[in-house]
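A.B. asks: Following the working numbering, the numbering of the sequence shown begins with 7 at its first residue and continues without gaps.
Ideal Cβ placement from N, Cα and C applies to all residues, glycine included.
Quantities reported herein were computed from a predicted structural model and do not represent experimental measurements.
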Amino acid sequence: MTTILLLGRHGQVGSELETPLAGLGNLVALGHADLDLADPAAITATLARVRPHIVVNAAAYTNVDQAESQRDQAMAVNCHGPAAIARHLKISGGMLVHYSTDFIFDGTRHTPYREDDAPNPVNAYGATKLAGEQAIIASGVKHLILRTSWVYSARGSNFVTTMRNLARTRRELHVVNDQTGSPTWARTIARVTRDVLERRTRNPALCHGVYHLASGGETSRFALAEKLIELIGRDAAAAGFVRPALHAVDSSHFPTPARRPAYSVLDTRKLEGAFGIAMPRWEDDLEAFMRLPAEIPPHQP
Ligand SMILES: NC(=O)c1ccc[n+]([C@@H]2O[C@H](COP(=O)([O-])OP(=O)(O)OC[C@H]3O[C@@H](n4cnc5c(N)ncnc54)[C@H](OP(=O)(O)O)[C@@H]3O)[C@@H](O)[C@H]2O)c1
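1) With a threshold of 8 Å on Cβ separation, who are the neighbours of Gly29 within its own chain once the five nearest residues in sequence on each side are excluded?
2) Can you list the beta strand (DSSP E) stretches of 3 or more residues lying completely in the region 98 to 161, in chain order?
3) Pairing CB atoms from the region 212 to 229 with CB atoms from the region 176 to 193, are three or more of them under 8 Å?
4) Taking one C-beta from the region 245 to 263 and one from the region 144 to 161 each time, how about it: are there three or more such pairs within less than 8 Å?
5) Looking only at its chain, what residues have a beta carbon closer than 8 Å to the beta carbon of Leu237, apart from the 5 residues adjacent to it on each side?
6) For His16, does the three-state DSSP call read helix, strand or coil?
7) Name the DSSP bridge partner or partners of Arg287?
8) May I ask you to list the residues that DSSP assigns as paired with Tyr217?
9) Give the C-beta separation of Thr107 and Ser155 to the nearest angstrom, bearing in mind that I take them to be a contact with Cβ-Cβ under 8 Å.
10) Should Val83 be labelled buried (16 or more other beta-carbon atoms within 10 Å of its own) or exposed?
11) From what residue to what residue does the beta strand (DSSP E) around Val182 run?
12) Anyone know if the C-beta pair for Gly31 and Ile49 falls short of 8 Å?
13) According to DSSP, which residues form a beta bridge with Ile10?
14) May I ask whether a heavy atom of ligand 1 can be found less than 7 Å away from the beta carbon of Gln76?
15) For Gly187, write down the residues that DSSP places opposite it in a beta bridge.
16) Of the residues Val216, Ser257, Ala47 and Asp42, which one's Cα is nearest the Cα of Tyr105?
17) Pairs of beta-carbons, one from the region 95 to 102 and one from the region 116 to 135, closer than 8 Å: are there three or more?
18) Terminal residues of the continuous alpha helix (DSSP H) containing Leu252?
19) Hey, is Tyr269 close to ligand 1, as in C-beta under 7 Å from one of its heavy atoms?
20) Look at Ala44 and Gln79 and say whether their C-beta atoms are less than 8 Å apart.
21) Along the alpha helix (DSSP H) that carries Phe281, what are the first and last residues, could you check?
22) Quick check on His253: buried or exposed, where buried means 16 or more other Cβ atoms within 10 Å of its Cβ?
23) In chain order, what residues of the same chain lie with their CB nearer than 8 Å to the CB of Asn129, ignoring the 5 residues before and after it?
24) Please name the residue in Leu12, Gln18, Thr134 and Arg57 whose C-alpha comes closest to that of Arg193.
25) Quick check for students: name the residue ranges of the beta strand (DSSP E) that lie wholly in the region 40 to 92, counting only runs of 3 or more.
26) Have a look at Tyr67 and Leu298 and give me their C-alpha separation to the nearest angstrom.
27) Suppose you measure from the CA of Leu102 to the CA of Pro250; what does that come to, to the nearest Å?
28) Excluding the 5 residues preceding and the 5 following Met81 in the sequence, name in chain order all residues of the same chain whose CB lies nearer than 6 Å to its CB.
29) Is Gly239 buried or exposed, if buried means 16 or more other CB atoms sit within 10 Å of its CB?
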């Protein structure tokens with residue numbers, strides 16, 4: 007039986023992966039408290055103990071602004087840790103499924119990024135994620151690097167849940183309209199990861215390399231907030247909801263330590279063609295997400 011080791015089990019994507027991956031084999035799911043990706047000795051000991059055929063790494067240092075001042079820690083988690091896993095799996099004959107980000111691109115394009123477009127991260131987080139990709143590829147391990155974007159889930163803090171809360175409590179909201187991307191539901195990332203792994207025996211050659219995994223379509227953060235407010239207003243349970251006034255601003259209105267790419271839409275045709283998968287439109291996923299009960303508080307270690 008295939009043994010799958012899931013890392014990052016309490017994160018947005020990791021928590022959605024547990025159920026679908028459990029259907030594919032013997033699943034061992036670990037969180038940060040069980041394994042610190044910045045501790046190479048702990049990585050070696052865990053892999054020797056679990057002996058996974060597949061490692062699905064949903065753990066990462068994801069605080070984009072904090073990474074500017076904690077670059078070494080971000081590099082340890084996003085690059086050195088995954089590199090150590092990759093080297094181990096190269097020797098054992100295992101496979102690494104690893105998530106990466108739209109933030110490896112500089113955002114100067116106006117059409118969706120393809121897998122072989124030149125990366126050029128504009129912040130420390132993107133640089134550490136790119137270094138992680140490069141280290142995995144250089145190790146020669148059998149790998150799937152799945153780049154995704156603008157992830158949201160019921161767990162933890164993300165743009166969608168933050169906006170949902172603000173929309174219900176504020177009379178006015180200022181939202182940036184100079185960042186464009188594809189909001190992607192963590193549940194969809196998990197489902198598609200499962201589908202790809204399920205099809206790996208039919209497509210062993212395709213089940214290797216870099217793929218873009220994001221919802222279809224694109225939106226600015228401002229238009230995403232508009233859509234959210236429309237959905238909240240449509241919800242019968244939101245009787246008494248007063249729509250806040252939305253004001254479009256540019257990113258200079260909210261100075262942050264890290265720059266964000268202005269345009270980071272991912273072209274997913276490679277993934278869809280290789281595995282016969284149709285990515286949902288971001289609006290459809292957002293509607294499905296909004297029909298679920300409110301958010302789950304973040305995991306407390
Ligand atoms: N969030 C996004 O918008 C976005 C966009 C594009 C790509 N991605 C990529 O998608 C993947 C999943 O992201 P996500 O949104 O699910 O992130 P997330 O919710 O922040 O989850 C990441 C998990 O990694 C854990 N972690 C952090 N440092 C660790 C360490 N040193 N050792 C072990 N575990 C550690 C965290 O645990 P603690 O919280 O306990 O530290 C957390 O449970 C990541 O590779 C990320 O780079 C995310």
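C.D. replies: So, from the data block:
1) Excluding residues within five positions, the ones whose Cβ falls inside 8 Å are Arg200.
2) 101 to 107 and 148 to 154
3) yes
4) no
5) Leu292, Glu293 and Met296
6) coil
7) Gly222
8) Leu152
9) 7 Å
10) Looking at its Cβ environment, which holds 16 or more other Cβ atoms inside 10 Å, Val83 is buried.
11) Glu178 to Val182
12) no
13) Leu33 and Ile60
14) no
15) Note: Gly187 sits in a beta bridge opposite Thr225.
16) Val216
17) no
18) That residue, Leu252, is in no alpha helix (DSSP H); its beta strand (DSSP E) goes Ala251 to Val255.
19) The answer is no for Tyr269.
20) yes
21) Arg275 to Phe281
22) Exposed.
23) Val70, Ala73, Glu74, Phe109, Ala264, Arg265 and Arg266
24) Gln18
25) 60 to 63
26) 27 Å
27) 45 Å
28) Thr134
29) exposed
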